[in-house]
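A.B. asks:
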Amino acid sequence: MPQLKLSTNAFMKRDMLLNLFILYLVEFVRGAALISFLPIYGEKALGLELDVIGAAITAHYVTDTALKLAIGYLLDRLSVRTVVGVGLFFSFIGIFILQFADVPWLFITAAAVYGIGISPIWIVCLTKIKEDQRATQMGFLYTIWLVGLGSGPIVSNLLLDIDLDLTFYIIAGVALASWLLSLLIPGGRSMHIDVVPFRKQLSILGSRLKDMRLLLPGMVLQTLGAGMLLPILPSFAVNDLGMTATHYSVLLLIGGGCTIVGLIPMGKLSDALGKKWFLIVGFLSFGMVLFALTQKPPLGLALFWAFLLGISYAAVLPAWNALLAAFVPPGQQGLGWGVFSTVEGIGGIVGPVIGGLLATSYGGSSVVGLAGILFIVISSFYLFFPFRLFKGDSPVK
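Read in order, the letters of the sequence shown are residues 1 to 397 in UniProt numbering.
1) Just the C-alpha distance for residue 46 and residue 123, rounded to the nearest angstrom, thanks.
2) Report yes or no: do three or more beta-carbon pairs, one from the stretch 265 to 277 and one from the stretch 296 to 308, lie closer than 8 Å?
3) Which whole runs of the alpha helix (DSSP H) in the stretch 56 to 138 are 4 residues long or more, in chain order?
4) Here's the rule I'm using: 16 or more other beta-carbon atoms within 10 Å means buried, otherwise exposed. How should residue 85 be labelled?
5) Tell me whether the stretch 12 to 30 and the stretch 147 to 161 touch, counting them as touching only if at least three CB pairs, one residue from each stretch, are closer than 8 Å.
6) Evaluate residue 260 with the Cβ neighbour count: other Cβ atoms within 10 Å of its Cβ, from every protein chain shown; 16 or more gives buried, anything less gives exposed.
7) Taking one C-beta from the stretch 173 to 185 and one from the stretch 60 to 76 each time, how about it: are there three or more such pairs within less than 8 Å?
8) Can you give, in chain order, each stretch of the alpha helix (DSSP H) that sits fully within the stretch 239 to 323 and has at least 4 residues?
9) Once the 5 residues before and after residue 97 are set aside, which same chain residues still bring their CB inside 6 Å of it?
10) Quick one: is residue 399 buried, meaning 16 or more other Cβ sit within 10 Å of its Cβ, or exposed?
11) Measuring alpha carbon to alpha carbon, tell me which of 220, 88, 275, 55 ends up nearest residue 404.
12) For residue 382, I'd like the list of residues in its chain whose CB is within less than 8 Å of its CB, leaving aside the five on either flank, ordered along the chain.
13) Thinking C-alpha only, which one of 158, 169, 358, 254 is nearest residue 229?
14) Exposed or buried, which one is residue 186 when buried takes at least 16 other CB atoms within 10 Å?
15) Just how far apart, CA to CA, sit residue 355 and residue 50?
16) In three-state terms, what does DSSP make of residue 27?
17) Leaving out the 5 sequence neighbours to the left and right, which residues in its chain are closer than 6 Å to residue 385 when beta-carbon positions are compared?
18) Quick one: residues in its chain with C-beta nearer than 6 Å to the C-beta of residue 421, no 5 flanking neighbours on either side, listed in chain order?
19) Using a Cβ-Cβ cut-off of 7 Å (strictly less than) and excluding sequence neighbours within five positions of residue 196, which residues of its own chain qualify?
20) Check each candidate in 248, 242, 56 and name the one with the smallest Cα separation from residue 399.
21) Rounded to whole angstroms, what is the Cα-Cα separation between residue 162 and residue 289?
22) Short of 7 Å in beta carbon distance, which residues of its chain neighbour residue 166, apart from the five on each side in sequence? Order them along the chain.
23) According to DSSP, is residue 43 helix, strand or coil?
24) Just to confirm my understanding: we take residue 74, look at its own chain, exclude 5 residues before and 5 after, and list those with CB closer than 6 Å. What are they?
25) Residue 351: which of 36, 54, 41, 15 sits nearest, CA to CA?
26) Tell me the rounded alpha-carbon separation between residue 239 and residue 15.
27) Let me know the secondary structure DSSP gives residue 161 once reduced to three states.
28) Indicate whether residue 70 and residue 157 have their beta-carbon atoms separated by less than 8 Å.
29) Does the beta-carbon of residue 347 have 16 or more other beta-carbons within 10 angstroms, so that it is buried, or is it exposed?
30) Give the range of the alpha helix (DSSP H) segment to which residue 380 is assigned.
31) From what residue to what residue does the alpha helix (DSSP H) around residue 217 run?
32) Taking the alpha carbon of residue 375 as the reference point, which residue from 286, 143, 314 has its own alpha carbon closest?
33) Could you check which residue in 184, 364, 222 has the C-alpha nearest to that of residue 343?
34) Given that a residue counts as buried once 16 or more other Cβ atoms are within 10 Å of its Cβ, and exposed if not, what is residue 413?
35) Tell me the rounded alpha-carbon separation between residue 90 and residue 172.
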């Protein structure tokens with residue numbers, strides 16, 4: 001596929017390959033911890049309620065989101081190796097503490113410490129995206145991200161059936177490896193950056209946030225819906241869908257695999273055809289499938305719904321992030337992505353708490369159904385969104 005090679009050659013340099021491999025390891029641990037290990041370990045091994053598990057996942061996102069703005073600022077001034085390395089060291093410590101987290105407060109604290117180092121490597125990779133191939137390269141980057149995020153819980157679920165301690169040590173070992181590899185990152189800054197006063201940078205970003213104010217509700221609602229699902233997915237699969245850990249792994253494999261396979265083609269189509277209908281149809285089908293899962297379908301039908309979820313997610317991700325990238329100010333990409341990721345993170349902070357509380361009171365099916373309704377609302381939002389205000393994905397003044 002010569003076009004793919006041309007559009008992704010910026011990712012093939014030695015330092016970028018190292019960044020991408022670290023990103024894979026970081027997301028492997030994140031997927032294993034948030035989607036599988038924390039919910040299952042917290043409920044089965046520690047006997048914690050789903051609201052406590054939701055609070056722990058929220059604590060992770062609080063530290064992750066709170067530090068994104070600072071990390072973006074630091075990436076504009078300090079070496080990538082320093083920012084990424086220090087962050088991943090804290091993340092390893094957070095994972096390491098989990099083996100002692102036999103009380104709720106320590107469980108939540110460990111998850112919070114773990115959240116410190118997740119964002120830097122992702123923001124570094126985002127700064128490498130080329131302007132003329134945004135959606136295509138976003139698709140490539142998200143492929144790496146999703147392979148890690150999807151393979152983590154699949155491996156973790158399979159290992160949890162064998163030995164809980166073995167699962168922990170493998171997750172901790174991968175977290176340690178990502179930190180050690182970060183020490184090999186070249187010492188320079190993430191990119192050539194215009195040195196301007198911090199207040200002026202905030203003024204530029206404030207102007208961009210004002211330009212994109214119509215996008216802000218969608219940014220928050222998207223992560224809110226996804227965050228609600230995190231603490232309850234394993235228990236929903238077992239208690240409502242009657243799945244085993246192996247069935248749940250297959251479900252994740254189908255959904256994640258379809259997303260991974262679809263990202264680059266969807267990114268190319270989004271570059272060629274525009275973003276609007278990819279967002280509308282993607283979010284609509286995502287919401288409808290989630291609502292369909294609350295009807296407790298048999299295993300075969302549930303796996304088919306997972307297939308549609310994966311395709312829907314593949315349609316949404318490149319289009320949404322390419323649209324968002326248009327508002328990142330040139331020369332302040334680290335700070336820009338930090339600010340926008342922080343806004344998106346608001347939903348990730350609130351979502352797990354809401355999901356955990358609702359699941360504890362009303363069951364996991366109610367959370368999945370409510371998340372489905374949210375995504376249908378988001379689809380309607382983009383149906384009426386004034387895309388005419390945008391020209392070539394750039395704000396029209």
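In this text, a Cβ means the ideal position worked out from N, Cα and C, and glycines have one as well.
C.D. replies: Checking against the coordinates, here is how it stands:
1) 34 Å
2) no
3) 80 to 97, 104 to 114, 119 to 126
4) buried
5) yes
6) buried
7) no
8) 245 to 273, 276 to 293
9) 110
10) This structure leaves residue 399 out entirely; the chain is present only between 1 and 397.
11) With the chain running from 1 to 397 in the structure shown, residue 404 is simply not present.
12) 218, 276, 279, 280, 283
13) 358
14) exposed
15) 8 Å
16) helix
17) none
18) Beyond the ends of the chain as shown, which are 1 and 397, falls residue 421; an answer cannot be given.
19) With a pLDDT of 49 at residue 196, under the threshold of 50, the modelled position of this residue cannot be trusted; read the value that follows with caution. The answer is none, since no qualifying residue turns up.
20) Absent from the model: residue 399. The displayed extent of the chain is 1 to 397, so no value can be given.
21) 32 Å
22) 159
23) helix
24) 83
25) 54
26) 45 Å
27) coil
28) no
29) buried
30) 364 to 383
31) 216 to 229
32) 286
33) 222
34) Here the chain has residues from 1 to 397 only, and residue 413 is not among them.
35) 12 Å
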